[in-house]
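For the sequence shown, the positions run 958 to 1246 when this note's numbering is used.
Just so it is clear, CB atoms sit at the ideal spot from N, CA and C, and this is done for glycine as well.
The structure presented is a predicted model; accordingly, all values stated were derived computationally and were not measured.
Encoded as structure tokens, the structure appears first; notes follow it.
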Amino acid sequence: MPVLRPAPPRREPPTAPGVRIPLFSLLIALLALIVALPGTALAASPTTGGKRPAHPERDWLGSTVRRHEPQTGRTPPPSLTASVEGVDVSSHNGNVPWSTLWNSGNRFAYVKATEGTSYTNPYFAQQYNGSYDAGMIRGSYHFALPDNSGGAAQATYFATHGGGWSGDGKTLPGVLDIEYNPYGSVCYGMSAGALRNWIADFLRTYRARTGRDAMIYTATGWWKQCTGDYGGFGSVNPLWVPRYGSSVGELPAGWGFHTVWQYTDTGPTVGDHNRFNGSYSRLQALADG
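Below, the structure is given as structure tokens:
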């Protein structure tokens, strides 16, 4: 009778040079590597499922405006009847010399806190607390990515990562920075109605989380093109408008006046300089709520 012996263990194919690996396996491995890379546009947020911004360090208030709208020179505009000088900063400014800005007359500051639902400014503490310590009234802003995740999700992320508000007399309400898409289609591939709904969701959620109505930062050209020049937010949400030159220019529909004007992106020390449309006491009133 023949003797049954166990089959020899299966040997894996060698990986020596010259041995071909199926093309399908290579493609699967390559795709997995791309998705796993940090900071890629395809990488999903670990908390919300939204895409991680690919270059958030290059996205700040007005970073897309000059590329899309004609702007005038660097000449500072004439002073308003009553106005207060201020600045806005983000991670691209690094550690900011706040005493220098205070000594040159700046009395308020806005600091980028978040973008999408996965990015927080690594310099936020130095910038937000440093401006406060220098004596400024300060606030924070969120760089919106409407095609990334919902308005409510981004407002919640913002409110819990630096966008909160306290009635200490030195904290301004948060700002929704909604401008030209730095990652693709100008209007984020969304209809005017969809963008209006997204903005409304953000504003409603921010109000519920903080008790304050957020300010809207937007360029008139973007607002007209992408929201259909919607006028429904002007009676509640203050307007911050960029225009680099000697006048604030045309405002988006719904607002009869601006609250803050970003009048240059090439000013001293930090680039972005602003004027609050009113006296210092009115700025304090905006902080007080």
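Span of the alpha helix (DSSP H), counted from its first residue to its last, around residue i
i, result
"Lys1069", "First-last for Lys1069: 1065–1072, but that is the beta strand (DSSP E), not the alpha helix (DSSP H)."
"Asp1158", "1149–1167"
"Asp1090", "1081–1090"
"Gly1178", "1177–1184"
"Trp1059", "1055–1060"
"Leu1243", "1237–1245"
Inter-residue spacing [alpha-carbon to alpha-carbon] between residue i and residue j
i, j, result
"Asn1138", "Tyr1076", "16 Å"
"Val1044", "Cys1144", "27 Å"
"Ala1039", "Gly1235", "5 Å"
"Pro1103", "Ala1110", "10 Å"
"Asn1063", "Ser1056", "10 Å"
"Leu1265", "Asp1170", "Residue 1265 falls outside the range modelled here, since the chain spans only 958 to 1246, and no answer is possible."
"Arg1024", "Thr1177", "14 Å"
"Ala1116", "Tyr1163", "7 Å"
"Glu1014", "Ser1020", "10 Å"
Endpoints, the beta strand (DSSP E) within which residue i is located
i, result
"Asp1222", "1217–1224"
"Arg1232", "1228–1234"
"Asp1104", "Element bounds for Asp1104: n/a, residue is neither H nor E."
"Tyr1174", "1172–1174"
"Ser1040", "1040–1046"
Beta-carbon separation (whole angstroms), residue i vs residue j, contact threshold 8 Å
i, j, result
"Arg1239", "Tyr1220", "That pair is no contact at about 18 Å."
"Gly952", "Tyr1080", "Nothing about residue 952 can be reported from this structure: the residues present for the chain run from 958 to 1246 only."
Closest residue to residue i among the options (Cα-Cα distance)
i, options, result
"Ser1204", "His1215, Glu1136, Gly1211", "His1215"
"Ile1156", "Tyr1174, Thr1117, Thr1071", "Tyr1174"
"Ser1048", "Ala1101, Leu1152, Gly1202, Gln1084", "Gln1084"
"Leu1196", "Trp1059, Tyr1237, Asp1134", "Asp1134"
"Gly1087", "Asn1105, Glu1072, Tyr1067", "Tyr1067"
Query raised in the report: Does the region 1084–1096 come close enough to the region 1141–1157 that 3 or more CB-CB pairs lie under 8 Å?
Result: no
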